[in-house]
Amino acid sequence: MSHKPAGLIYGVDDTPPLGVNILSGLQHVGLMSIYLVYPVLIAQAAGASAEVAASLVSATLIALAVATLLQVITIGPIGSGFLCQPTSSVVYIVPSLVAARSGNLAAVFGMTMLAGLFEVALARVLPRLRPVFTPEITGLVVLLTGVSVGVVGLRTALGGGPAATDPAEVDLLLGLGTLGLMVALNVWGRGALRVFSVLIGLLAGCAAGWMLGRFEAQEVARLSAAPLFATPLLGHVGWSFDAALVLPFLIGAVAAVLKVIGNVTTSQKANQVGWVRADMRSISRGVLADGLGSVVAGAIGAPGINSSSSAVGLATATGVASRCVGWSVAAILLVFAFVPKLGMLFNLVPRPVLGAALVFSSTFIVTNGLVIMTSRLLDARKTLVIGLAIVFGLAVEIFPGLLVVLPPALRPSFGNSLVFGTLVGLGLNLLFRIGLRRSVSMSVAPEAIDPEALEEFLDGQGAAWGARADVIERAKFNLVQSIETLAGSGVASGPLHVEASFDEFNLDLRVSYVGDQLELPEQRPSIEEIIESDHGERRLAGFLLRRFADRVTSRRAGERATVGFHFDH
């Protein structure tokens, strides 16, 4: 890209010096390592040994290396080309834990492959699904993902432990202390303290857990005896499929797709001056790469992975967004995959400390969901979709008895806020689209122009359509200014007819009237033209109207003329 936004040192197409490349890769891997607690949690839920937990971590590191390369390349339909590599995914942890608690890790891997294939299929038809995957639904899924992760974190932190003293009391103090340190570093810390607040909190929590006797001597001995370097052992790998788990994993895949959309869009915006809208081709390639990453993960015995919002944030914060860094990230991950002590070390982390990390990360996920939802105007329909989905999603966590009407085999599939809330949201969104007009019109009398009424007209329709607030603001300017110009200059005689139409990609305004064609010059008229010409002020207004819209038209057929404004959405 020829021009980089302010603050961006190395853009996506730039090649940073080797030292910068390697150090940036190490920083990304350090941030990614926080999420290696997820495969450890899954191994613990399945009652697996420390060696199996270490194997899961090694397999996850290999899958992350492969998926990172798939994301940063741009070969055919694969790869967004941006530095938005994956991590162990929060969107798959809830269904994976459900599968693991049955003691069947093979189901985790088999269902992860299924979810990845479903994500690949969605990538091929993604542009057609925009009416279904609206920003409100995207934000809702992200929010409910945060809620589910927070619930898992609380249950993990308060689940008790092996100490001789009261587990609940000690666990509560250890978990709250760890969480408090993470929060303090993130709020008041600077530089590396803030960037690595979770990693520092984990280390401090482990130190406190050691002093409180939360480490088993047998597990510590295993860690000491493990070799520093060894070929990853994948004897835990197996694949099975469970019909009761299909729905939770497919919902996780949908959430994964929505996260990729958000991350690639953010990367596009960070790397392009004057960014206006998302490039759906790049997003589709990114989703395809992300799905293939989960297929690879399941195939080699790792839980699901998904594009990391933290990676995108780190690239933006440091100003190093070059895709070349992805190659360093992949190389470092592969080296770490041959260090079995790493996986066993994560398995030693006390559960309250792991739970605190999950609770901490869940807060940012919830907030991101809120930001995405509120990026669009909301009317009563969309407010009900979001509100009811959140209420019912939380209800199944608080009152599991709500699912008593379902067959026992289906209850695990619906028994968490992410699955149930997302299904409620999708169902209501499709239901409430019935009767929603995508094209509306009104008439305006030249002698009784009310700018506030015109703006309220577009505000109300924009909220009903779920249009972006910035697009509606531009459209309101053009609507009011065009009608005032046509009526005030005497160009239009009789009522002006306004028609607005919308789909997920376009907003079109048309103003038709009896009178002359409105001139929309490409060049701004000079001050002399504006002052000396009777039509100078009208030409200036036409020039401004052209600037605020993406495309403009002005035609006349018989006695009626039409001026049209198109806004890309």
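Quick note on numbering: the sequence shown equals residues 6 to 574 in my numbering. Just so you know, even glycine gets a beta-carbon here, dropped at the ideal spot from N, CA and C.
Excluding the 5 residues flanking residue i on each side, which residues of the same chain have their C-beta closer than 8 Å to its C-beta?
i	result
L145	G374, M378, V390, I391, A394, I395, G426, T427, G430
A168	Because A168 carries a pLDDT of 38, less than 50, the predicted location of this residue cannot be relied on, and no value is offered for it.
V156	E402, N421, S422
P526	R544, G547, F548, R551
M285	L131, P132
S380	P140, G144, R473, A474
F482	F553
Suppose contacts are defined by Cβ-Cβ distances below 8 Å. Is residue i in contact with residue j by that definition?
i	j	result
C89	N276	no
L69	L338	yes
A505	D384	no
P100	F254	yes
L228	L353	yes
L120	G257	Here residue 120 is Ala; the residue named in the question, Leu, does not match the sequence. Yes, these two residues count as a Cβ contact at 8 Å.
E124	V25	no
G84	R290	yes
L512	V476	yes
T73	P308	no
N434	T139	yes
G306	V242	yes
A53	W244	no
K264	V147	yes
H33	V334	yes
L463	A480	yes
A226	R356	no
A248	M118	no
V376	P10	no
S272	V317	yes
Straight-line CA distance for residue i to residue j?
i	j	result
L484	S94	45 Å
A294	S287	11 Å
L23	W332	11 Å
T321	A189	23 Å
S446	L514	10 Å
F437	T388	11 Å
G115	A458	57 Å
H574	G86	23 Å
G499	A453	11 Å
D18	I78	11 Å
L238	S366	30 Å
T236	A58	15 Å
I98	A450	59 Å
L523	S444	24 Å
D455	H502	14 Å
V516	P530	23 Å
G315	I67	Before going on, a small fix: residue 315 reads as Ser here, not Gly. Taking the straight line joining both Cα atoms gives about 19 Å.
S327	L204	24 Å
R416	F369	29 Å
L252	E224	36 Å
R129	G81	13 Å
Note down, in chain order, each residue of its chain lying with its Cβ closer than 6 Å to the Cβ of residue i, except the 5 sequence neighbours on either side.
i	result
S29	V325, V330
G206	T183, L186, M187
T92	M37, Y40, S313
V152	S422
S448	P500, H502
G180	A162, P357, G360, A361
I266	I288
Count the other C-beta atoms from every protein chain shown that fall within 10 angstroms of the C-beta of residue i, then say buried if there are 16 or more, exposed otherwise.
i	result
V340	exposed
G471	buried
E141	buried
D171	Low confidence applies here, because D171 scores a pLDDT of 48, under 50, leaving its location unreliable and the question unanswered by this model.
M6	Since pLDDT at M6 reaches only 43, below the 50 mark, its modelled position is unreliable, and the value read off the structure follows with that caveat. The residue is exposed, with fewer than 16 neighbouring Cβ atoms inside 10 Å.
T558	exposed
F246	exposed
P232	exposed
L178	exposed
L127	buried
I532	exposed
L319	buried
F234	exposed
If I measure Cβ to Cβ from residue i and keep anything under 7 Å in the same chain, skipping five residues before and after, which residues do I get?
i	result
L347	V62, F341
V42	F351, V354, L359, A362
G432	none
V96	T150, G257, A260, A261, K264, N311
E564	V519
N191	R199, S202
Inspect the CB distances between the region 93 to 107 and the region 43 to 53 and report whether three or more fall short of 8 Å. yes
Measuring CB atoms only, is the region 487 to 495 touching the region 401 to 414, in the sense that at least three cross pairs come out at less than 8 Å? no
Would you call the region 133 to 145 in contact with the region 296 to 303, where contact means no fewer than 3 C-beta pairs closer than 8 Å? Pairwise C-beta distances place the region 133 to 145 out of contact with the region 296 to 303, as fewer than three of them are shorter than 8 Å.
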